Amino acid sequence: MKVTVKFFAALREAVGKTEIEQELPPGATVQDLLNLLTQEHPVLSRYVSYINVAVNRKYVDLQTTLRQGDEVACLPPVGGG
Amino acid sequence: MKVTVKFFAALREAVGKTEIEQELPPGATVQDLLNLLTQEHPVLSRYVSYINVAVNRKYVDLQTTLRQGDEVACLPPVGGG
Amino acid sequence: MTANDGRDAERAKLFEVTSAELSVDEVVGRLADPGVGAVSAFVGVVRGVTDGREVSYLEYEAYPEMAEQTLRQIGDEIRERWKTIREVAIVHRLGRLEIGERSVVIALSAAHRQETFGAVRYAIDRLKEIVPIWKKEVWADGGAKWRSEE
Amino acid sequence: MTANDGRDAERAKLFEVTSAELSVDEVVGRLADPGVGAVSAFVGVVRGVTDGREVSYLEYEAYPEMAEQTLRQIGDEIRERWKTIREVAIVHRLGRLEIGERSVVIALSAAHRQETFGAVRYAIDRLKEIVPIWKKEVWADGGAKWRSEE
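Just so you know, the protein sequences line up as chains A, B, C and D, in that order. Counting along the first sequence from 1, when you hit position 80 you're at 80 in our numbering, and nothing is skipped either side. Counting along the second sequence from 1, when you hit position 52 you're at 52 in our numbering, and nothing is skipped either side. Counting along the third sequence from 1, when you hit position 131 you're at 131 in our numbering, and nothing is skipped either side. Counting along the fourth sequence from 1, when you hit position 65 you're at 65 in our numbering, and nothing is skipped either side.
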């Protein structure tokens, strides 16, 4: 299955992309996705413990199972205002 | 001696004037002035226990001695905002 | 009197009663300074109903010179009590005000937001307590009443 | 989802991210309703110095759809917790902002002022906690850093 992965702020700059399509095995979790992304973009290892993840615009935990077509956002610590 | 007396809001409407000149004996206090004003304008007796008084734009108590030329303001309970 | 009297003279008045319409942006602008990171503001608005009675309009009256002096006193009290507050501006409108119009704008600035919320609350509470301003409610049914703080 | 979804559709958006300059008056105007007697507002302003370092400008970035959704969530949380709050509007600016410009305007309305101060504080605290918006400080000396809440 495929999911869309979005990167923001420091993560976007580190990866050099705002969005990628990622192929995943069925039943993959958010944690599985982060492991895969870190392999492909080793620079992410510096950030991965601070990342929050949103799936389809809702915060989720790392055990959440992903589905075909999900929009997964990798969010560094927020700081608006 | 003479002082200027200002009336505001409900007091202004009751007395029908925004300002009067009042002749007072030397050494008169704010309380003496209020007694005199209430004699001349009996309508004030309804208000006099709620009035705050300012002399030259500072709140004062009733024992304050007045001086020639003072600006005395009779202030009903305030309610801005 | 206060540490900033000199600065005040060079720029917009920080404490004012006026018959002109109030703009929050304009009052907030009076606080401009590169050290400001947070502004808290309070806006009083003319309500269309009080105690279940329909209001037609309000009429505000002041003892203007003393009102501006007591507004300034409130600013001094705030900066004495909350040291992180950089500046305070309070502008109160006078005369006839229609429903939905702004009667007062209070704005205060700081580098960081933490103390601004309590300070703006103090400002409006204190304004209703000591500033010689009065409001007359004129009701839709023709009655009218001078109101002090409930 | 919320009780006022229908009303919102008929008028200005209450929760928004935008690259346009912010006006406090305009955001306060989004709350207009004859039952409003008090509005409390918070305005974030771009500071010229942080940690003793001179700032040249800020660059704000968001995950826009989720940002508006979490801003709306904050509004819902506030009206759940403080029953006297009538309405909440939060508008956050994005893109490059110069010193003194407004980054966020929060405004909330009530018939009476008492609960508005705590509620506006909650709104900005919560915004900094959950809304996917980021700011990059670009310093006068050429350095730059993404900053999360201190």
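Beta carbons are placed, not taken as given, at the ideal position from N, Cα and C, and that holds for glycine. What you are looking at is a predicted structure, and each value in this text was computed from that prediction instead of being measured.
When Cβ atoms are compared, which residues of the stretch 24-54 of chain C fall closer than 7 angstroms to chain B? Identification of residues in the stretch 24-54 of chain C having a C-beta nearer than 7 angstroms to some C-beta of chain B yields G44, given in sequence order.
With distances taken between CB atoms, is the gap from Y59/A to A10/A smaller than 8 angstroms? Between Y59/A and A10/A, the gap from beta carbon to beta carbon reaches 8 angstroms or more.
What residues in its chain sit with their C-beta under 6 angstroms from that of I99/C, if we drop five residues either side in the sequence? V46 and G48
Could you tell me whether the Cβ atoms of V91/C and V105/C are closer together than 8 angstroms? yes
Mind checking who R96/C pairs with in its DSSP beta bridge? Paired residues: E59/C.
Out of T4/A, C74/A and V3/A, state which residue places its alpha-carbon closest to the alpha-carbon of S45/A. C74/A
What span of residues does the beta strand (DSSP E) with I133/D cover, start to end? I133 to W139
From this set, A111/C, I78/C, V131/C and S19/C, which residue's C-alpha is nearest E59/C's C-alpha? S19/C
Amino acids of chain D, ordered along the chain, whose beta-carbon sits closer than 9 angstroms to that of I6/A: First, the amino acid is wrong: residue 6/A is Lys here, not Ile. What K6/A touches in chain D: Y63.
Distance, V5/A Cα to V72/A Cα: 5 angstroms
Throw me the rounded Cβ distance for the Y57/C and L97/C pair, which I believe falls under 8 angstroms. 6 angstroms
What are the start and end residues of each continuous alpha helix (DSSP H) run of 4 or more residues lying completely inside the stretch 20-82 of chain C, in chain order? As far as the stretch 20-82 of chain C is concerned, its whole alpha helix (DSSP H) runs of at least 4 residues are 24-29 and 64-81.
How many angstroms separate the CA atom of P77/B from the CA atom of G37/C? 37 angstroms
For a cutoff of 8 angstroms on Cβ pairs, would you count R121/D as touching chain C? yes
Beta-carbon neighbours of G100/C, restricted to chain D and to distances below 7 angstroms: A32 and P34
Straight-line Cα distance separating P132/D from L94/D: 12 angstroms
Need the endpoints of the alpha helix (DSSP H) that L75/B sits in, please. Taken as a continuous stretch (DSSP letters only), L75/B belongs to no alpha helix (DSSP H), being part of the beta strand (DSSP E) at E71 to L75.
State the DSSP-derived secondary structure class of V30/A, mapped to helix, strand or coil. helix
Following the continuous alpha helix (DSSP H) through A9/B, name the residue where it begins and the one where it ends. Looking at the DSSP string, the run of the alpha helix (DSSP H) that includes A9/B is A9 to V15.
Since E98/A is in the beta strand (DSSP E), which residue starts that stretch and which ends it? This structure cannot speak to residue 98/A, because chain A is shown only from 1 to 81.
Quick one: does A140/D have its CB under 8 angstroms from some CB of chain C? no
Hey, which unbroken runs of the beta strand (DSSP E) at 3 residues or more fall wholly within the stretch 84-130 of chain C? 85-93, 95-98 and 102-110
For the beta strand (DSSP E) that contains Y85/A, what are its first and last residues? Residue 85/A is absent from the structure shown; chain A starts at 1 and stops at 81.
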